[in-house]
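Numbered according to the numbering used here, the sequence shown spans residues 45 to 256. For glycine and all other residues, C-beta sits at the position ideal for the given N, C-alpha and C. In what follows, a structure is listed as structure tokens, so that the remarks can point back to it.
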Amino acid sequence: MITAPLPIGRLPALRSTGAIGRWLAGLAVALSASLATPASASRPDLYIALAQPITPPRGFAVMCETRPDLCTNAPWAGETQITDDLRLLDQVNRTVNHHVRQQSDLRAYGRAELWTPSGRGRRAVGDCEDIALEKRLELIRAGFPPDNLFLAVGYARRIGLHVVLVARTGSGDLVLDSRAEGIRMWRDVPYSWIGVQSGQDPARWFGIQRSS
45 MITAPLPIGR LPALRSTGAI GRWLAGLAVA LSASLATPAS ASRPDLYIAL AQPITPPRGF
105 AVMCETRPDL CTNAPWAGET QITDDLRLLD QVNRTVNHHV RQQSDLRAYG RAELWTPSGR
165 GRRAVGDCED IALEKRLELI RAGFPPDNLF LAVGYARRIG LHVVLVARTG SGDLVLDSRA
225 EGIRMWRDVP YSWIGVQSGQ DPARWFGIQR SS
């Protein structure tokens with residue numbers, strides 16, 4: 045479970061279906077122009093369009109304080125280009141999903157909302173955001189431009205709030221999901237989008253414009 049970005053005020057800890065429902069109801073008002081439901085969009089854009097700035101998830105903000113290296117694109121000496129290295133994206137997505145045993149932060153670390161890359165050794169564990177962070181690190185190490193990688197928070201009724209990694213490519217914004225082996229277009233996943241990290245400034249988060 046994560047605490048999702050909230051435009052105004054204190055970030056709540058979501059621990060029940062009722063709490064999630066109340067939080068999402070308030071968020072729907074604040075982000076009415078930015079929350080997109082891919083399944084209902086007609087002729088949606090290939091790329092996610094950012095709306096107004098929002099408060100980052102609480103666990104992400106704490107991570108940036110303790111591990112600022114995870115909230116920056118530095119060091120990156122390469123030229124940022126839109127790439128179509130779909131094979132690399134697919135390989136990293138499948139490999140990390142295969143090696144990391146999914147486990148809640150509370151069970152793995154004894155505390156909630158601990159954002160940290162999962163690693164992928166023999167004892168690698170993590171939840172959705174830990175797995176997304178691990179994929180981002182591995183892609184950057186493999187030469188994928190960090191400016192074209194960003195985290196995103198979505199919501200689905202069955203699983204609640206969920207974090208994925210998004211890669212910007214020449215084919216569009218592609219989702220690397222801990223719940224799916226294959227990579228998919230951002231508009232084709234079963235989530236209502238809540239907010240995304242900025243690829244250019246990873247410490248900042250934004251709402252998402254509704255597709256027209």
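Suppose you measure from the CA of residue i to the CA of residue j; what does that come to, to the nearest Å?
i, j, result
"Ile238", "Arg167", "31 Å"
"Arg201", "Arg185", "35 Å"
"Thr99", "Ala196", "13 Å"
"Arg180", "Pro190", "8 Å"
"Ala83", "Ser236", "Confidence at Ala83 is low in this model, with a pLDDT of 38, below 50, so its placement is unreliable and no value can be given for it."
"Arg102", "Ile92", "23 Å"
"Asn117", "Phe194", "11 Å"
"Arg145", "Ile175", "10 Å"
"Ala85", "Leu220", "With a pLDDT of 40 at Ala85, under the threshold of 50, the modelled position of this residue cannot be trusted; read the value that follows with caution. Computed Cα separation, rounded: 21 Å."
"Leu90", "Val233", "13 Å"
"Ala95", "Arg254", "9 Å"
"Ser76", "Glu157", "In this predicted model, Ser76 has a pLDDT of only 42, less than 50, meaning its place in the structure is not dependable; the value taken from the coordinates is given anyway. Their Cα atoms are separated by approximately 26 Å."
"Gly243", "Ser222", "20 Å"
"Gly154", "Val208", "23 Å"
"Tyr199", "Gly187", "30 Å"
"His206", "Gln147", "14 Å"
"Val140", "Asp245", "25 Å"
Assuming residue i is part of the alpha helix (DSSP H), what are its boundary residues?
i, result
"Gln135", "130 to 143"
"Asp174", "172 to 185"
"Leu150", "149 to 153"
"Arg223", "Where Arg223 is concerned, there is no enclosing alpha helix (DSSP H), given that its DSSP letter is neither H nor E."
Tell me whether residue i sits in a helix, a strand or coil according to DSSP, three-state version.
i, result
"Thr116", "coil"
"Pro97", "strand"
"Phe250", "strand"
"Trp237", "strand"
"Gly243", "coil"
"Ala77", "Its pLDDT being 38, under 50, Ala77 is placed unreliably in this model, and the coordinates cannot settle the point."
"Leu68", "Reliability of the predicted coordinates at Leu68 is poor, the pLDDT of 46 falling under 50, and no value is obtained from them."
"Leu158", "coil"
"Arg228", "strand"
Sorted by chain position, which residues of the same chain lie with C-beta nearer than 6 Å to residue i's C-beta, five sequence neighbours on each side aside?
i, result
"Leu177", "Pro161"
"Trp249", "Pro49, Ile98, Pro100, Gly239, Gln241"
"Arg138", "Glu225"
"Met229", "Gly216"
Just to confirm the assignment, what range does the beta strand (DSSP E) spanning residue i have?
i, result
"Ile196", "The question names Ile, but residue 196 in the sequence shown is Ala. Counting along the chain, the beta strand (DSSP E) containing Ala196 begins and ends at 193 to 200."
"Arg212", "204 to 213"
"Gly216", "216 to 220"
Output needed for residue i: all residues of its chain with C-beta closer than 8 Å, excluding positions within five of it in sequence on either side, in chain order.
i, result
"His143", "Arg164, Gly165, Ala168"
"Cys108", "Pro100, Leu114, Cys115, Ala247"
Could you tell me how far apart the beta carbons of residue i and residue j are, in whole angstroms, since I believe they sit closer than 8 Å?
i, j, result
"Asp134", "Ile227", "6 Å"
"Trp159", "Glu173", "5 Å"
Excluding the 5 residues flanking residue i on each side, which residues of the same chain have their C-beta closer than 7 Å to its C-beta?
i, result
"Phe104", "Trp159"
"Asp149", "Arg155, Ala156, Glu157, Leu158, Asp171"
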